[in-house]
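Worksheet: the structure to be examined is printed underneath.
2 protein chains.
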Amino acid sequence: MTQKDVYKVVLDEEQIPRYWYNIVADLPSPPAPPLNPATSEPLQPADLSALFPDGLIAQEASTERFLEIPDAVRDIYKLWRPSPLYRACRLEKTLGTKARIYYKYEGASPVGSHKTNSAVPQAYFNKIAGRTRLTTETGAGQWGAALAFATQIFGLDCDIWQVASSFNGKPYRHAQMEVFGARAVASPSDKTAIGRQLRERFPDTPGSLGMAISEAVEAAASDPNASYSLGSVLNHVLLHQTVIGEEALLQLDVFGEEQPDYLFACAGGGSNLAGISFPFIRENLAGNKHVKIIACEPKAAPSLTEGEFRYDFGDTAGMTPKLKMYTLGHDFVPAAVHAGGLRYHGMAPLVSHVYSEGLIEAISIKQREAFAAGVLFSNAEGIIPASESNHAIAGALRTIKAATEAGEAPVVVIGISGSGQLDLPAYTDYLSGNMLDS
Amino acid sequence: MTQKDVYKVVLDEEQIPRYWYNIVADLPSPPAPPLNPATSEPLQPADLSALFPDGLIAQEASTERFLEIPDAVRDIYKLWRPSPLYRACRLEKTLGTKARIYYKYEGASPVGSHKTNSAVPQAYFNKIAGRTRLTTETGAGQWGAALAFATQIFGLDCDIWQVASSFNGKPYRHAQMEVFGARAVASPSDKTAIGRQLRERFPDTPGSLGMAISEAVEAAASDPNASYSLGSVLNHVLLHQTVIGEEALLQLDVFGEEQPDYLFACAGGGSNLAGISFPFIRENLAGNKHVKIIACEPKAAPSLTEGEFRYDFGDTAGMTPKLKMYTLGHDFVPAAVHAGGLRYHGMAPLVSHVYSEGLIEAISIKQREAFAAGVLFSNAEGIIPASESNHAIAGALRTIKAATEAGEAPVVVIGISGSGQLDLPAYTDYLSGNMLDS
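Heads up: the sequence lines are chains A and B, in that order.
Per the working numbering, the first sequence starts with residue 1, numbered consecutively.
Per the working numbering, the second sequence starts with residue 1001, numbered consecutively.
Right, here's the structure in full:
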């Protein structure tokens, strides 16, 4: 198959990965353990059992390289996986570049983002553990919608705390959660003790992921039938997302691209970045590839590029274990930028670790540059990307433009984590010229 | 490949059809010709040249069975085609039926509906004819978004008149058009003479497709560089949509289903219904299959089930050719139901013709029944269908439930014309219990 005959590679259902990839098995040095928030001692698996089912705790602590994906999970993955890898031929033409640009598109999932890759196994492992209810937080709403979808499929109740600025500014997102039978409220809410405290302390707060996490954790901890569910940051969440990168490796081979030069992905909590990049890091470490991996974070929440690498809480109230991560401080409240999914004070410990080891690089991007890239991309390719994904495109465009000027023709892969269908008001804000350049 | 191992069949890009299927070549009797609105004589191709480019006029009048799809169009089709055909295993389980249910899903297209199948060739044939601007109408906005996408790809200007009730009630849709560089206004508007007249006569009108067509036709007729573009009704539009049915036939074969019993599709102007069903009608007429085809129209605009089969105008102002079709009268204004794409007073002449010949059947469905079906479907399958598509699901559920009670196990195919991502407020209206049962 020659490259110019193929615009996308979809793969067969049979080629949906059978294993999640656990990068812990291949790291040059072990990541720092999470600490019990009360004792500051390394966390024991049992410490997590109030919040998570055994299946997910085992994944969280696993050092095995490959963890089998249960058939019941793969069956649901078949609804939208394998996701397509496209050659961005028209974008190349628009840019007048000889670079070969590819993008892996997660936006065709049932709720329009990569988040379903982890929501489905999280619902499944809770179901088989006998839990009947999940609580969670969500930023822009992709994760909440994904968990609402997955809990509906597996017959679980679902309560969602959505960051207030997104809840109010993006009503379609909680409508989506409600179609799937979940209950969604704006955070901070009056449904939890910590929510009531936060509302009193910060009456005008737009909310943050850290606050919403505190509320969802409190709700789960006070209900023995409930588990807490997190859409990013934790090892098991990143693990589930590796199906993206495993498929992308196969698809690039079909395109005849065995040595991509760059991989760009947006990074908020880190699950999208980890999902597409960890399998590439494995190939880099094994000497099979030499792909430069670049995390694209928002300037409004620049944990990797401006944060400190230290132990911090995952939430605002300090209820979660302490995690060794790049952090802006657990009380940091990012500006209310449109890319709600990236508004997090920290970065997943495993992503932080590979960054500290020099296995990936990071840049930060303001939202106007991100949306300019998103409009350029959608006008060329016909797909409107999620606000979050626009950061990856903007990062890629910087490199492609510089390379084109230098007469180079790199092979560039962009992870498009979701569809922008529910982010259209953000595009309107950008096109009107009113978008804050945060 | 056994059925239970496969949830969806996607096909390779190579299996995107190379030809559109023109049902005119196979009809037992010829359809009645369109009439010149001024003379009431049969329309000549030249009568259309003020509004359409030659390539589309030739398709409109063609009696050839198969018309080749240009490579430049197939290349763009590759962005989302072939579209998947799913086995609805979880829906079958939810219903407790032995029926085998399949659905062909057009919602993964760049704007979330089947409309891109015709928008792309329409933009292409205008481009090669040297036209630089397209004008069109849109109801819910799927067609407008599709044409905005396609004109952006081919570098044409685009002006869109959107039915006012949808323009105001569904702001995400015109945002989508604007991202692709199109200009969208609410119809009736003050941009055209007919629009200004309609606003004076009916100051509180929610608008209608008939009114918006009048405005777009007026705008195109008064600009020599512009063409008018229609998203349904006309022969060439239905022709372009046959890629849906051609793929579905191939995919059912892969599933081992050579004799489906029923095919359900929603019908407004008729392009979605025609697109999925005409290739099945060909197979029925040839004696290869015996598929019962059922058009599902909204009770608010029941042209097939309650209209008259006679000549009528395609628009409100009487500017278009007269078409022999099932019609509720060109001044009929449907209730402002959520399925804006089905709010049309008439039915495509070719669909009307096959209905009058007994080659398809029709039923009408109120919107609460449609949304109940849509929620049931989305909770089982994880995909939220477009408001329009819910009518097809509701129709199928009636048959499946009756068959299940009778101990039968039919094979049922449902055409899902689009995604409901931008229809979420309609779902909220339904879930709140406030939806009018129109």
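All C-beta atoms, glycine included, are put in the ideal place defined by N, C-alpha and C.
{"Asked": "Members of the segment 349-380 of chain A that neighbour chain B once the beta carbon cut-off is set at 9 Å", "Found": "G374, V375, S378, N379 and A380"}
{"Asked": "CB-CB length for G1210/B against D1315/B, believed under 8 Å", "Found": "5 Å"}
{"Asked": "Contact list for Y427/A against chain B, beta-carbon separation under 7 Å", "Found": "A1175 and V1179"}
{"Asked": "Separation of D261/A from H446/A, as counted between CA atoms", "Found": "One cannot answer for residue 446/A here, as it falls past the ends of chain A, which runs 1 to 438."}
{"Asked": "Contact list for L949/B against chain A, beta-carbon separation under 7 Å", "Found": "In this structure chain B extends from 1001 to 1438, so residue 949/B is not present and cannot be described."}
{"Asked": "Under 7 Å by beta carbon: chain A residues contacting K1078/B", "Found": "Y7 and K8"}
{"Asked": "Helix, strand or coil at S29/A [DSSP, three-state]", "Found": "coil"}
{"Asked": "Residue range of the unbroken beta strand (DSSP E) whose run includes R133/A", "Found": "R133 to T138"}
{"Asked": "Residue-level contact to chain B via CB, I384/A, 8 Å cutoff", "Found": "yes"}
{"Asked": "Residue span of the beta strand (DSSP E) that contains G415/A, given as start and end", "Found": "V411 to I416"}
{"Asked": "Neighbour flag for Y1172/B against chain A, beta carbons, 8 Å", "Found": "yes"}
{"Asked": "Three-way DSSP call (helix, strand, coil) for S1208/B in this model", "Found": "coil"}
{"Asked": "Under the three-state DSSP convention, the category V1111/B falls into", "Found": "coil"}
{"Asked": "Distance between Q1162/B and A1140/B (C-alpha atoms, nearest Å)", "Found": "8 Å"}
{"Asked": "CA-to-CA distance, Y103/A to H290/A, given in whole angstroms", "Found": "18 Å"}
{"Asked": "Chain A contact residues for Q1421/B, given Cβ-Cβ distances below 8 Å", "Found": "G112, Y172, Q176, S419, Q421 and L422"}
{"Asked": "First and last residue of the uninterrupted beta strand (DSSP E) at D71/A", "Found": "Segment D71 to Y77 is the alpha helix (DSSP H) holding D71/A; no beta strand (DSSP E) there."}
{"Asked": "Per DSSP, cross-strand counterpart(s) of S187/A", "Found": "V163/A"}
{"Asked": "DSSP bridge partner residues for K1366/B (one or two, in chain order)", "Found": "Partner(s): none; K1366/B has no beta bridge."}
{"Asked": "Distance CB(D223/A)-CB(R133/A) smaller than 8 Å", "Found": "yes"}
{"Asked": "Contacts of D54/A in chain B (Cβ-Cβ under 7 Å)", "Found": "Near D54/A there are no residues of chain B at all, since even the closest Cβ is about 26 Å away, more than 7 Å."}
{"Asked": "Interface residues of chain A facing F1149/B [CB-CB closer than 7 Å]", "Found": "G382"}
{"Asked": "Top-ranked residue by Cα proximity to R1131/B, from S1227/B, M1319/B and D1437/B", "Found": "S1227/B"}
{"Asked": "Contact set between L431/A and chain B, taken where Cβ atoms lie within less than 9 Å", "Found": "A1175, E1178 and V1179"}
{"Asked": "Rounded distance between the beta-carbons of G1341/B and P1385/B, thought under 8 Å", "Found": "Contact flag wrong, Cβ pair sits at about 12 Å."}
{"Asked": "Same chain only: Cβ atoms within 8 Å of V24/A, ignoring 5 sequence neighbours per side", "Found": "P30, P31, S62, T63, N235 and L350"}
{"Asked": "Buried or exposed by the 16-neighbour rule on C-beta atoms within 10 Å, applied to A148/A", "Found": "buried"}
{"Asked": "Identified DSSP bridge partners for S1374/B", "Found": "Looking at the sequence itself, residue 1374/B is Gly, so the reference to Ser does not match. DSSP, once it has assigned bridges, lists no residue as partnering G1374/B."}
{"Asked": "Residue environment, S1040/B, which counts as buried when at least 16 other CB atoms sit within 10 Å", "Found": "exposed"}
{"Asked": "Span of the alpha helix (DSSP H), counted from its first residue to its last, around E1060/B", "Found": "D1054 to A1061"}
{"Asked": "Ordered list of alpha helix (DSSP H) runs contained in the segment 1304-1389 of chain B, each at least 4 residues", "Found": "1349-1356 and 1367-1381"}
{"Asked": "DSSP three-state assignment for I293/A, whether helix, strand or coil", "Found": "strand"}
{"Asked": "Neighbour list for A1108/B in chain A, Cβ cutoff strictly below 7 Å", "Found": "A108"}
{"Asked": "CB of D1423/B within 8 Å of CB of Y7/A, strictly", "Found": "no"}
{"Asked": "Which residues DSSP lists as bridging V1009/B, in chain order", "Found": "L1085/B"}
{"Asked": "Helix, strand or coil at F149/A according to DSSP, with G and I counted as helix", "Found": "helix"}
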